[in-house]
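Here this note's numbering = 1-based position in the sequence shown + 2.
Cβ coordinates follow ideal geometry from the N, Cα and C atoms, glycine included.
Let me begin by presenting the structure, written as structure tokens, before commenting on it.
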Amino acid sequence: GSVGVVATLGAMSLLELGAIADVVGMAVSMAKKRSTSAAETATEATEKQNEDSTEKEDETKEKVTNATEKMQNGESSQTFPSSLIPNPFLFNSHFPRAVQHRLDEQSNKSSNINNDDEFDPDAYPVDIPRPVNKTLLPDLYFGYGGALGTHTHREMLQNRLLAILLNRLGANDSEMTFCASSSEKNEKKSFAIHVEVNQKTTICTRPYEFVSSLSQLGYHVSVTPKLNITSFGLGLCVKEDDEGKRWSNIPVGVVIKSGYEDENGRMAMVALPHGGLVLEVTTKGSEEELHKKQNDTVILKGRCTVQHFVSIDGFCGWNSHHNVQVPWKIDDAIDSFPSMTDKEEMEKAIRLAGYSAIVLNSAATRQKLPRGGYGLIGTCNDSLALVEMAMWGQTNIYPLLSIGKYCTYLVREAKRCVSRFEKEKRDVFMINDMKSIHKALLSLPNDLVAVPKHSGDAVRRMLHCMPPSMPFDFMDETKEVLESIQIENEKIM
């Protein structure tokens, strides 16, 4: 039924938004300890081990501190040692080798802890809940009891590596002003991926080129702007038996007051969604066809899913898009716009995502913003809305929370990027795409303040972002309120 736990926040102020960012940081930190990698879900002991870096070779490397450097590095904290991601990266051989290296490490850790259980790289991990308080609340746990992951151990590592590669390719378009070392500033060496298709090598230096090559390798590729209810990594469940074999998972959400009321004084409440541009790569056709196109090597196994957004980790870019299989997160996922499979449309969406990341990360770096500007230049939803607005001239996302002067930082940075692209004599379509990002920043709605003039569009976006199953009781009333506001707007606007 519609039973759940919600945290209700009043009409948000800037102070409250800062507090939310701190709470989000705590929740994400907790979530990392539970589900950062496949081995971490095996036992609590494994979770702790995987918090520490397994690669010692990069300890002397200068610490990655700003958003642009994180994008150039490909991730905020190291998953794969740098030796496994050389430049150039030979996709057909280096990708499966790097994934297998990490799987072997996870297998060794698992065997050291669970002597009787053999590690299966193609199994779906099961979340291991942790008690909230054994004394006061003995049967209430953090996590998702008995819930399987959406991706296997192997697929999660494939996700992470694909995200790193896309981010590094995207960083080729950033200014070297933000590089850590003076040598890198003086001599820029673009990151490149070599992809072999039917005995021919394609050199990719941009994300859209790489995504196009994945299609040529025989994979099915789709790009979709997606939303789902978020709890910022926090899950709750109840243990139903002493052995811990039966669990009841509790829908959890963070709910805000939109500021819009109907004529009866009822407030429209919104469960915060998480939004991002999802890139999914899956196998199609027979294994024999894949072997032929990939020179007798199957590079990706199963499926690979990554998502582009600005995160609390401190930069805007691609991240692994794995989750837990609970209905309010999976079944209630919403396509903000229809899924794209057309080559040109997908390539443009991938380019716009990369260029939006350049603008957001560059602005955060130039202004030395904490957490890569998360909560100031916006959240995950704002970065997705920017791509939607640049792509289609409209966004379906609610709420958008970019703050005051930080919006201006982004507009300035986008204009600076347009000028740089023109000076570098980039291809016309690249310059036009960056101009679209600049124009979109000037057109995006903002939902920090409920303005009557903008209520029509805000209500439309709120209704669009409402999950199909309405997992919380308040959602039924909120839908009535929003529809009532729409009727009233026809009379008074």
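I'd like the list of long-range same chain contacts for residue i, defined as Cβ closer than 6 Å, with 5 residues on each side in sequence excluded.
i	result
C318	V312, A359, L362, N363 and S385
L159	V101 and R104
F476	M271
I405	L378
S438	A392
A33	Any reading at A33 needs caution, since the residue's pLDDT is 38, under 50, leaving its predicted position unreliable; the model's value is listed next. Here the set comprises G235.
A411	In the sequence as displayed, the identity of residue 411 is Tyr instead of Ala. Taken in chain order, the residues that qualify are A365 and Q369.
T204	V197 and S215
D315	S78
M269	K259 and E263
E265	E490
Spatial neighbours of residue i within its chain, please: CB distance less than 8 Å, with the 5 preceding and 5 following residues excluded, ordered by chain position.
i	result
M342	S224, V225, T226, M348 and A351
V128	T43, G148, A149, L150 and G151
S109	F121 and P123
I231	P253, G255, A273, L274, P275, H276, W330, K331, D334, P469 and P473
R99	L86
Go ahead and pull the three-state DSSP assignment for residue i.
i	result
K241	strand
G151	strand
E346	helix
G261	strand
A335	coil
Q108	helix
H96	helix
I489	helix
Y376	strand
I494	helix
I166	helix
T204	strand
N251	strand
T43	In this predicted model, T43 has a pLDDT of only 34, less than 50, meaning its place in the structure is not dependable; the value taken from the coordinates is given anyway. Helix at T43.
Quick check on the burial criterion: 16 or more other C-beta atoms within 10 angstroms. Buried or exposed for residue i?
i	result
M393	buried
S184	For S184, the predicted model reports a pLDDT of 45, less than 50, meaning its position is unreliable; a value from the coordinates is still stated below. Per the 10 Å Cβ criterion, exposed.
R463	buried
R248	exposed
S39	With a pLDDT of only 34 at S39, under 50, the local geometry of the prediction cannot be trusted, and the value read off the model is given with reservation. S39 is buried by the Cβ-count criterion.
L93	Leu is not the amino acid found at residue 93; the sequence shown has Phe there. So F93 ends up on the buried side.
N75	buried
D344	exposed
F144	buried
S37	Summary for S37: the model assigns pLDDT 35, below 50, so the residue's position carries little reliability; its value from the coordinates is reported in the next sentence. Per the 10 Å Cβ criterion, buried.
G267	exposed
I487	buried
M28	Annotation note: pLDDT 40 at M28 (below 50); position unreliable, coordinate value reported separately. Exposed is the call here.
D244	exposed
Q309	buried
N251	buried
N161	buried
K228	buried
V300	exposed
Taking residue i as the reference, give the member of the options with the closest Cα.
i	options	result
D175	V197, R418, I332 and S95	R418
L238	V328, V213 and K191	V328
N321	M269, N89 and L163	L163
T207	I195, V213 and Q201	I195
T154	A387, A125 and E77	A125
G356	M436, L446 and K425	M436
R414	F82, L443 and L371	L443
P209	D141, M73, Q201 and G374	M73
P541	I166, D106, N68 and K111	The requested residue 541 does not occur in the structure, where the chain is confined to residues 3 to 495.
E482	R373, A387, D141 and L465	L465
Got a sec? Which residues, its chain only, sit under 7 Å from residue i by beta carbon, not counting five neighbours each side?
i	result
V199	S215, Q218, L219 and K295
D449	Y400, P401, L402, L403 and A460
T367	N68, A69, T70 and F180
Using 6 Å as the cut-off, classify the Cβ of residue i as near or not near the heavy atoms of the ligand HEM, replying yes or no.
i	result
R353	You won't find the ligand HEM in this model; it holds no ligand whatsoever.
Can you check the stretch 383-426 for any alpha helix (DSSP H) of at least 4 residues that lies completely inside it and give the ranges in chain order?
-> 406-425
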